[in-house]
Amino acid sequence: DAKTTQPPSMDCAEGRAANLPCNHSTISGNEYVYWYRQIHSQGPQYIIHGLKNNETNEMASLIITEDRKSSTLILPHATLRDTAVYYCIVRVAGGNQGGKLIFGQGTELSVKP
Amino acid sequence: GAVVSQHPSRVICKSGTSVKIECRSLDFQATTMFWYRQFPKQSLMLMATSNEGSKATYEQGVEKDKFLINHASLTLSTLTVTSAHPEDSSFYICSARGVSGEQFFGPGTRLTVL
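Protein sequence lines, in the order shown, are assigned to chains A and B. For what it's worth, my numbering labels the leading residue of the first sequence as 20, then goes sequentially. For what it's worth, my numbering labels the leading residue of the second sequence as 399, then goes sequentially.
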């Protein structure tokens, strides 16, 4: 079973920041938080991951609370092409011996003009 | 990111036939590959995990004799749906992981069984 909970849907205005929350209150010390997104009828696309420090890349920022029980994915300037289902997943990392990616229901983000 | 391809992207077959789906990692060696299934309006469900040269490990409730997985090389895994039936119609997605631990997904294969 997925170890995360996310709101089923969210709307965001184009050009504004999209903040997607995720709860993972039972996360273990050796589990990372991963974010993927899936645009309709395509395979999931990796966005970002982190352990306890905030992370930023060209796609998004990931803010993890100090107790690691929740996190927020931030898309700083959402575009219509960011409309997708966003999945927050916790996974034991560790190279090739890491854990499996188990998907929950995700958040369906709709970016509106 | 790394590229994972799947072939075919779409397949329509008659009930009772077998269908093979290929998954390739194009620019890295995938020591582990995963197969997922996704029904309409639902999330991805992990079916099985395969390591190169080893037998696949199936998730609970997934029939290993119906969904045959072969991972004969570090760049290729195949999923064969044997004696397919209409209820096997779904979106099948593979994923590949290299030694770095990063995991990438293929574009998916839409299977329709008539």
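Ideal Cβ placement from N, Cα and C applies to all residues, glycine included.
Min CB distance residue i to chain A below 8 Å
i: L466 (chain B); result: no
Start and end residues, beta strand (DSSP E) containing residue i
i: I491 (chain B); result: 488-495
i: L39 (chain A); result: 37-42
i: M443 (chain B); result: 443-449
i: K418 (chain B); result: 417-423
i: R110 (chain A); result: 103-111
i: V401 (chain B); result: No beta strand (DSSP E) contains V401 (chain B), which DSSP labels as neither H nor E.
Beta carbon of residue i nearer than 8 Å to that of residue j
i: Q404 (chain B); j: T507 (chain B); result: yes
i: L424 (chain B); j: Y434 (chain B); result: no
i: G125 (chain A); j: Q25 (chain A); result: yes
i: H43 (chain A); j: S90 (chain A); result: yes
i: T56 (chain A); j: A103 (chain A); result: Rather than Thr, the amino acid found at residue 56 (chain A) in this sequence is Arg. Their beta carbons are under 8 Å apart, which means R56 (chain A) touches A103 (chain A) by this criterion.
i: F465 (chain B); j: A400 (chain B); result: no
8 Å Cβ cutoff, residue i in contact with chain B
i: Y65 (chain A); result: yes
i: A112 (chain A); result: yes
i: L94 (chain A); result: no
i: H125 (chain A); result: Contrary to the premise, residue 125 (chain A) reads as Gly rather than His in this sequence. Yes, its Cβ sits closer than 8 Å to a Cβ of chain B.
i: Q25 (chain A); result: no
i: L99 (chain A); result: no
i: G69 (chain A); result: no
Just by C-beta distance, which residues in the segment 496-511 of chain B are closer than 8 Å to chain A?
G496, V497, S498, G499, E500, Q501, F502, F503, G504, P505, G506, R508
Select from the segment 422-454 of chain B all residues with a C-beta closer than 9 Å to any C-beta belonging to chain A, and list them in chain order.
T429, T430, F432, Y434, Q436, Q440, S441, L442, M443, L444, T447, N449
What ranges does the beta strand (DSSP E) occupy inside the segment 51-92 of chain A, keeping only unbroken runs of at least 3 residues that lie completely in it?
Positions of the beta strand (DSSP E) runs, each at least 3 residues long and wholly inside the segment 51-92 of chain A, are given as 64-69, 80-83 in order along the chain.
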